[in-house]
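Here's the structure, in structure tokens; my notes come after.
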Amino acid sequence: MSILKIARIGHPVVRTAAKPVAKKAFGDPAFQKLIDDMRETMYEYEGVGVAAPQVHVSLRLAVLEVPGSESQEEIPFTVVANPVITPIGDEAENGWEGCLSVPDLRGVVPRLKQLRLEALDRHGKAFSLEASDFFARVIQHECDHLDGQVYLDRMAEMKSLTFIKEFEAHVLGDNEEE
Ligand SMILES: [Zn+2]
853 MSILKIARIG HPVVRTAAKP VAKKAFGDPA FQKLIDDMRE TMYEYEGVGV AAPQVHVSLR
913 LAVLEVPGSE SQEEIPFTVV ANPVITPIGD EAENGWEGCL SVPDLRGVVP RLKQLRLEAL
973 DRHGKAFSLE ASDFFARVIQ HECDHLDGQV YLDRMAEMKS LTFIKEFEAH VLGDNEEE
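Counting from 1, position 69 in the sequence shown corresponds to residue 921 in this note's numbering; the numbering is continuous, with no gaps.
Right under this line is the structure:
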């Protein structure tokens, strides 16, 4: 496995709508290696998801995984190809996001609280699931990448945009005092 180079904002691939994964691609060893490499890259940079355009591959493909913690339920490693999101209800929720393609920053982004995801797995098999809260947020963030969008585009206002060091000092720090 290899750690892939991350495309940052400014590189056209981050802003390009990606092409659907073709049926025949799933049987291609190079495609399977891409998924493994995306997984390795996600671990290396401690992301909770990586979309193919972020590793310079303009395909509708993303991987995600969130380790469990006190405040967060574990989300197992999941491959999504050609995903379609359907909102469940219209409730939105604000939450902090960061992005490997937008290094060193965090910002508050409103997202759907609950959704249904329909996608293909790494073998091209269709699956669907319902997600809420942080899981739903990660799915929306990764699927946006497939349309050439980053979380900055979704922010209701820019005032919350914060460098990670200041985020740790003033946002996480504030929470500790509560
Ligand atoms: Zn991102």
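Every residue, glycine too, gets a C-beta built ideally from N, C-alpha and C.
Can you name the start and end residues of the alpha helix (DSSP H) that V990 belongs to? D985 to L998
Tell me whether E982 is buried or exposed, calling it buried when 16 or more other Cβ atoms sit within 10 Å of its Cβ. exposed
Member of E896, P864, R912 and Y895 whose CA lies at the smallest distance from the CA of F883: R912
F1019, enclosing beta strand (DSSP E) - first and last residue: From DSSP, F1019 is part of no beta strand (DSSP E); its letter is neither H nor E.
Could you spell out where the beta strand (DSSP E) holding I927 opens and where it closes? I927 to P939
If you count every other CB in all the chains shown that lies within 10 Å of the CB of S923, and 16 or more means buried, which is it? exposed
From the DSSP output, read off the bridge partner residues of F1015. L957
Outcome for T893 when other beta-carbon atoms lying within 10 angstroms are tallied against a minimum of 16: buried
In chain order, what are the residue ranges of uninterrupted alpha helix (DSSP H) at least 4 long that sit wholly in the stretch 862–949? 881–896
Pick helix, strand or coil for R963, following the three-state DSSP scheme. strand
Can you tell me which of A933, P955, A859 and P939 puts its alpha carbon nearest to the alpha carbon of K1017? P955
Label L1024 either buried or exposed according to how many other C-beta atoms from any shown protein chain fall within 10 Å of its C-beta, with 16 as the threshold for buried. exposed
Using the C-alpha atoms, what's the distance from K965 back to A944? 5 Å
What's the C-alpha gap between S953 and Y895? 15 Å
Using only the heavy atoms of ligand 1, determine whether one of them is closer than 7 Å to the beta carbon of S953. yes
Cα-Cα separation, V907 to A978: 24 Å
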